[in-house]
Amino acid sequence: MKTLIEFIHERQEAFPGATGELSRLLNDIGIAAKIVNRDINRAGLANILGLEGSTNVQGEEQKKLDVFANEHFIKALRNGGQCCAIVSEENEELITFDSELSNKGRYVVAMDPLDGSSNIDVNVSIGTIFAIWRRTSPVGKPGTKEDFIQPGSKMVAAGYVIYGSSTMLVYSTGAGVHAFTYDPTVGLFILSEESMRIPDGGNIYSVNEANYIYFPEGVKEYIRYCQEDHPETSRPYTTRYIGSLVADFHRNLIRGGIYLYPGTKKNRQGKLRLLYECIPIAFLAEQAGGKASDGFRRILDIRPGTIHQRSPLFVGSSHMVEKAEYFMRYYSRDFETNA
Ligand code: P6P
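Per this note's numbering, numbering through the sequence shown is continuous, rising by one, with the last residue being 1265.
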């Protein structure tokens, strides 16, 4: 049995120059994940415990869980001192702490504190997604937006927490993807899978087909391809769409498959955010042997222009992403953005 912190320290030794700061940052994220996990599990009791509405049983103002999660991850990162700035899906503006401790932090974190939070009400898995870069601004001052204008290929670590039938933390520092399952009886994340590999092939496709009429022709043709009988199985692919990126990606990481959130004729950049949804998930996919693109360009090569910029996302098993990219190149060159 190996805990998250033991594993992080063990792996840190493999990096001679490592100072332990990134290890402490990852541990800070693990601590916040435990707190958020506890409150997500209680969410179902909201009505019974009177946690809903303006006050809870302690008379405290009850916050929406995504706001609550956001506050806990920000607090953990501020107190840890390794992070000098945060971009969060919950905050329009950059978050800096302007404290001597945090200004010495060498890392910046982009995060979606509770992705898919609308699924809480129907007891469907949700997740936290995070991406970590080394700051480019001078140490000793608050972090800046420019610290986040870096392609995903410069990222030092990324991961997600999936709050599902069990709570798992999955991360990579560029040396493979490793998964830890939370044991609430001891309050520890325990190593459950090391060096995860996404199957090259796969027969699961995840997309919200309600947007079909607005999809680019290349996506429509790819969906039709998925629905044909395939020689290896003599049947069509299977469609699975949870409506929670972390849950859909986690299943495809294990079983093989592709997740698509393409641009549409109404929203050409799609819905997902580049910095804290597409890039971290793409990093993990590639670290597990998969691929991730916007239909044309490798996600990790895209240099963000703004901190909440959106991007189409095609991510999963290499062969499936390559096939989707073929259809996009053949039918939908007009969707290629050169931004
Ligand atoms: P739609 C959740 O809001 C999210 O960002 C992802 O987790 C999820 O895959 C997607 O949006 C669902 O969006 O438009 O299909 O409901």
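No residue lacks a Cβ here, since even glycine has one placed at the ideal position from N, Cα and C.
Is the beta carbon of residue i within less than 8 angstroms of some heavy atom of the ligand P6P?
i: K990; result: no
i: E1203; result: yes
i: D1047; result: no
i: V1096; result: no
i: G1090; result: no
i: Y1086; result: no
i: D1024; result: no
i: L1200; result: no
i: G1169; result: yes
i: N1137; result: yes
i: V1172; result: yes
i: S1044; result: yes
i: K1192; result: no
i: N1005; result: no
i: Y1163; result: no
i: Y1187; result: yes
i: K928; result: no
i: K1197; result: yes
i: D1220; result: no
i: N1178; result: no
i: N1134; result: yes
i: D965; result: no
i: D1041; result: yes
Assuming residue i and residue j form a contact by the criterion Cβ under 8 angstroms, report the distance between their Cβ atoms to the nearest whole angstrom.
i: A1250; j: Y1148; result: 5 angstroms
i: L1040; j: I1058; result: So it is not a contact: roughly 18 angstroms between Cβ atoms.
i: Y1185; j: G1242; result: 6 angstroms
i: Q1213; j: G1102; result: 6 angstroms
i: A969; j: H998; result: Not a contact, Cβ separation roughly 14 angstroms.
i: T945; j: F1115; result: Contact flag wrong, Cβ pair sits at about 22 angstroms.
i: G1169; j: G1042; result: 6 angstroms
i: V1247; j: K1217; result: 4 angstroms
i: F1056; j: A1084; result: 7 angstroms
i: T1107; j: M1122; result: Incorrect: roughly 13 angstroms between the Cβ atoms, too far for contact.
Using the Cβ count rule (16 or more neighbours within 10 Å means buried), how would you classify residue i?
i: V1133; result: buried
i: G1221; result: buried
i: V1145; result: buried
i: F941; result: exposed
i: T1159; result: exposed
i: N1049; result: exposed
i: R1161; result: exposed
i: T981; result: Low confidence applies here, because T981 scores a pLDDT of 43, under 50, leaving its location unreliable; read the following figure in that light. T981 is exposed by the Cβ-count criterion.
i: E1203; result: buried
i: I974; result: Residue placement at I974 is poorly supported in this model, since its pLDDT is 45, which falls under 50; the coordinates still yield a value, given next. Exposed: under 16 other Cβ atoms inside 10 Å.
i: Y1163; result: buried
i: P1157; result: exposed
i: L1239; result: buried
i: S1092; result: exposed
i: Q1153; result: exposed
i: P1110; result: exposed
i: G1189; result: buried
i: L1027; result: exposed
i: Y1256; result: exposed
i: N996; result: buried
i: A1105; result: buried
i: M1254; result: buried
i: G956; result: buried
i: N963; result: buried
i: R1177; result: buried
i: P1047; result: With the sequence shown as reference, residue 1047 is identified as Asp, and Pro is not the correct amino acid for it. The residue is exposed, with fewer than 16 neighbouring Cβ atoms inside 10 Å.
i: I1015; result: With the sequence shown as reference, residue 1015 is identified as Glu, and Ile is not the correct amino acid for it. By the neighbour-count rule (16 or more Cβ atoms within 10 Å), E1015 is buried.
i: V1138; result: The displayed chain sequence assigns Tyr, not Val, to residue 1138. By the 10 Å Cβ count, Y1138 comes out exposed.
i: D1174; result: buried
Could you say which of the options lies nearest to residue i if we only look at CA atoms?
i: L952; options: Y1097, R1060, S1092 and E997; result: Y1097
i: L991; options: Y1187, E1119 and Y1089; result: Y1089
i: V1013; options: F994, V1035 and G1007; result: V1035
i: P1064; options: R1032, E1119 and G1042; result: R1032
i: G1007; options: F994, N1029 and V993; result: N1029
i: K960; options: Y1086, E1015 and H1104; result: Y1086
i: V1082; options: N1129, F1240, F994 and T1062; result: T1062
i: M1037; options: I1225, I1205 and S1244; result: I1205
i: G1183; options: T1190, R1194 and N1129; result: N1129
i: E1143; options: A1208, R1194 and D954; result: R1194
i: G1069; options: S1044, G1100, D1024 and K1080; result: D1024
i: G1066; options: D1047, C1009 and T1054; result: C1009
Item to check | Three-pair Cβ contact test at 8 angstroms for the segment 1228-1237 versus the segment 1246-1262 | outcome: no
Checklist entry - Is the segment 1011-1026 close to the segment 1070-1077, with three or more CB pairs under 8 angstroms? => result yes
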